Amino acid sequence: MSQSCSVEKCTRTSRGLCDCCQQTLCLQHLTAHNALLISQLNPLTDEINILGNRLNTLNIQETIAGSREKLEQWREDCHKKIDYFFKKKCQELDQVVNEKVDQQQTELNQIQMKIRDLIDAQETTREDIDSLTSIIRQLETNINNIEQTCFKIHTRPLMIDETFILIRKITEHELDLSTLSPVYNTIHRPAESFRSLTCNDRYFLIHQHPCLCLFDREMNIVKQMLWSYGAIQDMCWSSTLDRFIVLEKNNIYLINENTMSIDNVLRLGKRRWISCTCSDTVLFASTDKRASSLVEFTLFPMMELIREWEYPRTCAKDEIIDGIIYNNEKLALMIVNLFNESLRMELRYSKTLDRIWTLQLDIRCVQKKFQIQLSFLIISILLHKSDAIDYRYHNYSEMTSILQDLASRYSTKASLVEIGKSQGGKSLWAMALSAYAPNQHVLLRPEVKYIGNIHGNEVVGLEVLLYLIEYLLTSNDTLVYQVMNRSRIWIMPSMNPDGLEKSMYGDCSSITGRYTLNNIDLNRNFPDYYGAPLESSIRAQETNAIMSWLANVSFVLSASLHGGAFVINTPLDRYYVKNISISDDDDIYQMVAHSYINRNKRKNESCLNEHINTGFVTRGADWYEIVGGMQDYSYFNYGTIEIGMEISCCKYPESNLLAGYWDYNRDAMIEYLLQAQRGVKGLILNENFEPIPWTQVMIDNRKPVVEVTSLGEFWRILLPGTYTLKVLYRGFQIHSREITIQNSLSPLNLTIIISSSTYLPYMNMTTAASTTFKIRLSFLIISIVLYKNNAIDYRYHTYSEMTSILQDLVSRYPTKASLVEIGKSQGGKSLWAMALSAYAPNQHVLLRPELKYIGNMHGNEVVGLEVLLYLIEYLLTSNDTLVYQVMNRSRIWIMPSMNPDGLEKSMYGDCSSITGRYTLNNIDLNRNFPDYYGATLPSSIRAQETSAIMSWLANVSFVLSANFHGGSFVINTPLDRYYVGRVSTSDDDDIYQMVAHSYINRTKQTDKACSNQFTDTGYITRGADWYEIVGGMQDYGYFNYGTIELTLEISCCKYPESNLLAGYWDYNRDAMIGHLLQAQRGVKGLILNEYSQPIPSTEIMINNRKPVVKVTSLGEFWRILLPGTYTLKVLYKGIQIHSREITIQNSLSPLNLTIIISSSTYLPYINMTTTTATTIRSVKSSSSNIFINWKISLSLIFLFIYFILINEN
């Protein structure tokens, strides 16, 4: 009997049986079913095509780059070894000759003494003369032999073949040992030494039979003690006890590192111990038996047993815990199976002993030595991993704990902020990250952000952002360094924590958890710029929190991370006008989007073949329209360049894919953040250097315009090209200029000064009211009173009073001031220097110039000390706009007294004597610095104070400086002596004249001349034209470091009456601020190779001026210059490797350059034998001098004998 078709509701008779699904089907459905099966082959074909495309586009050079670097490192190491042996053998040659020379010198000295004795005795005989003549002849022969010394050099050819380098593909999960660092140092270990070792932050503790030894980081023995006790099982360091803990089989010893003695011996029960480690509060020890126990003891106030973990919680019956290490509330255990000698590593929580993961090692521990050495290697690797956030999903509370932990561990680089609350009351956390001052906005430092999990069920972004936070805080990568030093990065891992908690693991496509607790789609909830109605009339709490955040922080660049596709979504999100989806800044959006896609390791993969033809970049409206999206809101209201990143095809994929998603996106996210450094940034101020309110910046005629911040800042990411920059005040154009943007990750830096007369006509004057005036006046008066109450009084201060003032100020203003002891005076007094800046005063910040003022160099010239104390307080307390600029754009070091010993000897009211001028050992500090051309100084002794300043200058790259004196009124510029002929002008005389006039023109002192001096030179003189000195500090700073330093003589009397101090402060205050601002003129920048690494031994030369300026170890340089066009040359070891023309504007914003120089340009000049050759030449020269001296001595001896013979005859 024929069957009917198996398809429901089909009444036709079946015509065949499908082999695939065993269904009986009618002819029509059989044909359709067959077509369906065939259609399922098409996606497989597509996948094959995609794989083929991946193979065709595979970048082989990128794939082998890491291995190639290893080969290059091997080549460099080999060269170093060859050079090492070459130098060593050259030293052996020198030693052989020098030993012979020393021997002959000794004999020569002996014969000279004998001749002198004969002369003194007046009893010379013929035999004496003959004997001396014979000895001299022998000496001459010996010296001739030395001069003709020849060596036979036996060398073996260096045989290198292909077996020196073996290339083998690493199998999956295999540890690449070549990635580990090379051996740093080695020490000899006697055979009977115990193999345990430990360390603290200063020393290694190692057993060197028969002693227990402390080694420093250079592997030198610092202290040791005889170890006559039992075998050492293990050792660890306790920071709580400040002692090393040494574990013997039955006892525990506490070792004091300072005395290297045993402080205490403890017997912890009747057990045999094998390993130990400790946390801040607990000592963990494992027992030496099958099925080891793990025992916990308190460390303080006394060691007492807390608890004991036993089999089976610890390990199996046939196993032993052979090693333990504690870190970050986790224990790494090395567990050995005594039956089959296998080894595994486990990571466990220290409080519960719950297992986090296990790693079985594919080895057999047949030797105890191998076992222990391997344990140290692997446990250190595992503990490093234990600090990292693990690759799994984290719920809201776990995410919060991770963020709080990172913020506490890296408090100088991370600040955790609650932006608002979710509907369910959960905190919306945002982590602010920067290399310095993460908890505050820094002038002209751009703000950038990432937001994840806006849709609660799109969870990959949350995890990737957690990994990114940790990576930015811990990585030493060069690009991470740039991002962290040049911007502040805000990261909000979850914008929708309530939705997150409702989402389902493994759910790729549903909407469960997408919305907020009150069912709102957050990416459809932001106000539409043109007023279109939203999906929900309710504004979510989460939306309000973000809107408030955006209103308070001027974000330059942003991205939100999504899931469910792989594409970059740029504005516009809807067709605001007809079918136009392109914004005015579409070129910028395409550039930043491709900066991300091009660095994404997944860029050739798609979801369902989507977006391949657009290069995985699409405008939102061209994909699908939405109203109320966050990125369009940010763009139209604040000019923020924001994109949406869809980074996973599945919204909530399996957790084993997370490591891959992080790897795909890590480099791309860093590269994207760097795009904030493109384009233009700057300040818009009036003639009083005050920000102008209600100001906007427009580029060409693009909209939206960008609001200028309350500090006068603006940023605009732009592609290379020429643009018209317009400044708008309340919508009216008040300024316009043409700007040219380079293809560089250093933005054009502008300071635009606009006269108030230009914009005041557009101001509505009707808003002023008497009430407002009274309130403002009251605040002004109160601030003046408060300031006066805190002010340093106008009188002279002793050294101890000065110290107290400095310490008090640094305690009151710890975020803006840091007090540093530069060194000691001859009398043991601290040479204090106060570092001042609006942020991070205790560290150098990339490209922030370092400036300094020094007072009281001559102890009896005291006005400078007091004026500098007032200046420190003024910089810390004033709200003046220029002070704000100085403090935000530089770090100012102020040393009120360089000669505190001389200060204590000086006499009040003494205008002209030298009492107190010199140091305690009678040295004039301004005649004590090494002369650049080697001239002799007045004193052969280098003062302690001088040495301290020299060390300071060597460690801090000062751009601008001044040194305060008394006894005249004049600005003294280099040169301080006539080095060549009667020339007193330096190559930078134009700069010195400019900065000197910047000071003189702002000083308020009216009766400037002292005894009618310097009126004809405008109160500026070059030092040598006044009087010559050798060993001056300003010439030393200039010739050795390129520092532009002035000597400021600010009072006719050296130690005037104290009632004049207020006047001296008033005369000089504005002049000092104006002088400090001159460090912002000219050019600054970075010199890096193609890997963004600094290039050592590099200098900057402007035109052909000397001295050249050394580039810092970070690649930085600064050069104060007048407006004009210059040739900037980069020198490597004195050889020019780069040149470019630069144009300097008349502006207090320096030209900012990043110069990238290929390593192939300078590597040919790395001469590995230069030092050796120089050494050999030096030795030859010194040997020749010795021979010449000997010949002169011999000639004199012969002449002496000749005279004796003549007299006898």
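Counting from 47, one number per residue, gives the positions in the sequence shown under the numbering used here.
Where a beta carbon is used, it is the ideal one built from N, C-alpha and C, also for glycine.
These figures come from a predicted structure and were not determined experimentally.
### Task
Quick one: give me the first and last residue of the beta strand (DSSP E) that E1187 is part of.
1181-1190
### Message
Classify T59: buried if its beta carbon has 16 or more other beta carbons within 10 angstroms, exposed otherwise.
### Response
exposed
### Query
Quick one: is M159 buried, meaning 16 or more other Cβ sit within 10 Å of its Cβ, or exposed?
exposed
### Query
Who are the near neighbours of G1083 in its chain, counting only those whose CB is closer than 8 angstroms to its CB and skipping five residues on each side?
L999, F1004, S1007, T1089, E1091
### Task
Would you mind working out which of D309, K126, G1064, S936 sits nearest N888, comparing C-alpha positions?
S936
### Query
What distance in whole Å lies between the Cβ atoms of L508 and P539, which are believed to be in contact at a cut-off of 8 angstroms?
5 angstroms
### Message
So the candidates are S864, F240, A597, I628; which of them puts its Cα closest to the Cα of W273?
### Response
F240
#### Entry: Coil, strand or helix - E736 by DSSP
coil
### Task
Rounded to whole angstroms, what's the CA-CA distance from S1230 to N191? Just pull it up for me.
Note that S1230 scores 37 on pLDDT, short of 50, meaning its location in the model is unreliable; the coordinates nonetheless yield the value given after this. Rounded to the nearest angstrom, the two C-alpha atoms are 14 angstroms apart.
### Query
Which residues share a DSSP beta bridge with S307?
N302
### Query
How would you write the range of the alpha helix (DSSP H) that Y1113 sits in, first residue to last?
1107-1123
### Message
Just list the residues that DSSP pairs L877 with in beta bridges.
### Response
G869
#### Entry: Through-space distance from I938 to E1145, alpha-carbon basis
24 angstroms
#### Entry: Under the three-state DSSP convention, the category N191 falls into
helix
### Message
Using CA atoms only, rank isn't needed, just tell me which of S883, G1027, A586 is closest to G466.
### Response
A586
#### Entry: Enclosing alpha helix (DSSP H) for Q587 [first to last residue]
587-598
### Query
Where F1 and R894 are concerned, what is the direct C-alpha to C-alpha distance, given to the nearest angstrom?
Coverage of the chain is limited to positions 47 through 1255, which leaves residue 1 absent and any answer about it impossible.
### Query
Within this structure, are the beta carbons of S604 and S680 separated by less than 8 angstroms?
yes
### Task
Mark S284 as exposed unless 16 or more other C-beta atoms lie within 10 angstroms of its C-beta, in which case mark it buried.
buried
### Task
Report the rounded CA-to-CA distance for I960 versus L983, giving the unit in angstroms.
19 angstroms
### Query
DSSP on Y808, reduced to helix/strand/coil?
helix
### Query
How many whole angstroms separate the CB atoms of N1009 and L1122, which I take to be in contact at a CB cut-off of 8 angstroms?
Going by Cβ atoms, the distance from N1009 to L1122 rounds to 14 angstroms, so no, they are not a contact pair.
### Query
Which first and last residues belong to the alpha helix (DSSP H) in which M1079 is found?
1079-1087
### Query
Between the segment 607-619 and the segment 655-668, are three or more C-beta pairs nearer than 8 angstroms?
yes
### Query
What are the start and end residues of the alpha helix (DSSP H) that includes R289?
Counting along the chain, R289 falls outside any alpha helix (DSSP H), though it belongs to the beta strand (DSSP E) covering 289-294.
### Message
Let me confirm a value: I165 is counted as buried when at least 16 other C-beta atoms fall within 10 Å, else exposed. Which label applies?
### Response
exposed
### Query
Whole alpha helix (DSSP H) runs in the segment 603-684 with 4 or more residues, listed along the chain?
632-643, 666-669, 676-684
### Query
If you draw a straight line from the C-alpha of I161 to the C-alpha of D176, how long is it?
12 angstroms
### Task
Return yes when the Cβ of Y842 is within less than 8 angstroms of the Cβ of Y964, no when it is not.
no
#### Entry: Proximal residues to F1249 (C-beta, below 7 angstroms), its chain only, five neighbours per side dropped
The predicted model places F1249 with a pLDDT of 44, which falls under 50 and marks its position as unreliable; any figure quoted below should be read in that light. Here the set comprises nothing.
### Message
Going by DSSP in three states, E493 sits in which element: helix, strand or coil?
### Response
strand
### Task
May I ask you to verify whether the segment 530-548 touches the segment 436-450, counting CB pairs closer than 8 angstroms and requiring at least 3?
yes
### Message
Taking the alpha-carbon of I1181 as reference, which of L1174, G1170, Y456, Y1211 has the nearest alpha-carbon?
### Response
Y1211
### Task
Quickly, what does DSSP pair I252 with across the bridge? List them, please.
L243, C259
#### Entry: Backbone CA spacing between T992 and I838 [nearest angstrom]
29 angstroms
### Task
Let me know if M809 comes out buried or exposed under the rule of 16 or more other beta-carbons within 10 Å of its beta-carbon.
exposed
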